[in-house]
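Trainee: Numbering-wise, my numbering puts 64 at position 38 of the sequence shown, and it's gapless, one number per residue.
This is the structure I have questions about; it appears just below.
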Amino acid sequence: MKLSQVKLALKQLEIISFKLPNGTLVPNHFHVTEIGKITKHFIDCGGTERKEDVVNFQLWNANDYDHRLHPEKLLNIIELSENVLNISDLEIEVEYQADTIGKFGLDFDGQHFLLTSKQTDCLAKDKCGIPLEKTKATISAIIDEPCCAPGSNCC
Numbered sequence: 027m028k029l030s031q032v033k034l035a036l037k038q039l040e041i042i043s044f045k046l047p048n049g050t051l052v053p054n055h056f057h058v059t060e061i062g063k064i065t066k067h068f069i070d071c072g073g074t075e076r077k078e079d080v081v082n083f084q085l086w087n088a089n090d091y092d093h094r095l096h097p098e099k100l101l102n103i104i105e106l107s108e109n110v111l112n113i114s115d116l117e118i119e120v121e122y123q124a125d126t127i128g129k130f131g132l133d134f135d136g137q138h139f140l141l142t143s144k145q146t147d148c149l150a151k152d153k154c155g156i157p158l159e160k161t162k163a164t165i166s167a168i169i170d171e172p173c174c175a176p177g178s179n180c181c
């Protein structure tokens, strides 16, 4: 989910809620303690230099049960971050601590922001010997019309 999509979603909400991949909600007294731009500059296992930028939201459970983060407040924090940190419309990554800090993607179902599981991947499969998955297809799916019909004497 990109930052512009988060801003649009916040404009239609009265309350903000985040749902973990297991379906449980982040406690409603959470705070967004940071919004930032994270740049990852690295070399993959195939030797290719890469650079990735994401907008990072850090969620934190406070012992402050009397306050909730309202959509307009989060919008203000996002807009301030965009201006001060020169953040563009990037993908969102969310940090949330359960047992340890986890990194999640973000989606929206019309009511809740969904923290989505992220997976590692090899970015240089062709260079480090990992076979690419082959596409399976039947011959009938590849050929629109038979080139030779029985009895046509074409082959």
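Glycine included, every Cβ here is placed at the ideal spot set by N, Cα and C.
Go to Leu100, then tell me how far its alpha helix (DSSP H) extends in each direction, as first and last residue.
Mentor: Run containing Leu100: Pro97 to Leu111, per the alpha helix (DSSP H) assignment.
Trainee: Which stretch, first to last residue, makes up the alpha helix (DSSP H) that contains Ser143?
Mentor: Careful: Ser143 lies outside any alpha helix (DSSP H), inside the beta strand (DSSP E) at Phe139 to Ser143.
Trainee: Across which residues does DSSP place Asp79 in a beta bridge pair?
Mentor: Thr65.
Trainee: Taking Cβ positions, are Ile61 and Val81 nearer each other than 8 angstroms?
Mentor: It is a contact, given that the beta carbons lie within the stated cut-off.
Trainee: Let me know the secondary structure DSSP gives Leu85 once reduced to three states.
Mentor: DSSP places Leu85 in strand when its eight states are reduced to three.
Trainee: On the DSSP letters alone, give me the boundaries of the alpha helix (DSSP H) that Val52 sits inside.
Mentor: Looking at the DSSP string, Val52 is not in any alpha helix (DSSP H), and its letter there is neither H nor E.
Trainee: Using DSSP bridges, identify the partner residues of Gly128.
Mentor: Looking at the DSSP assignment, Gly128 forms a beta bridge with Tyr122.
Trainee: How long is the line joining the alpha carbons of Ile64 and Leu29, rounded to whole angstroms?
Mentor: Rounded to the nearest angstrom, the two C-alpha atoms are 14 angstroms apart.
Trainee: Suppose the cutoff is 6 angstroms on Cβ atoms and the five residues either side in sequence are ignored; what does the same chain contact list for Leu111 look like?
Mentor: So the qualifying residues of the chain are Lys63.
Trainee: For Ala124, count neighbouring C-beta atoms within 10 Å of its own C-beta (all shown protein chains included) and say buried if the count is 16 or more, exposed if not.
Mentor: Result: exposed.
Trainee: Cα-Cα, which of Gly128, Ile103, Ala88 and Ala150 is closest to Leu46?
Mentor: Cα-wise, what sits closest to Leu46 is Gly128.
Trainee: Can you find the residues in the same chain that come closer than 8 angstroms, C-beta to C-beta, to Cys148, ignoring five residues on each side of it along the sequence?
Mentor: If we look at Cys148 and ignore the five residues flanking it on each side, its Cβ neighbours are Asp70, Cys71, Cys154 and Ile156.
Trainee: Tell me whether Phe68 is buried or exposed, calling it buried when 16 or more other Cβ atoms sit within 10 Å of its Cβ.
Mentor: So Phe68 ends up on the exposed side.
Trainee: Determine contact between the stretch 82-96 and the stretch 39-59, defined as no fewer than three beta-carbon pairs at a distance below 8 angstroms.
Mentor: Flag = yes, the stretch 82-96 and the stretch 39-59 touch.
Trainee: Measuring only the C-alpha atoms, how far is Val32 from Ala88?
Mentor: Looking at the two C-alpha atoms, the distance is approximately 23 angstroms.
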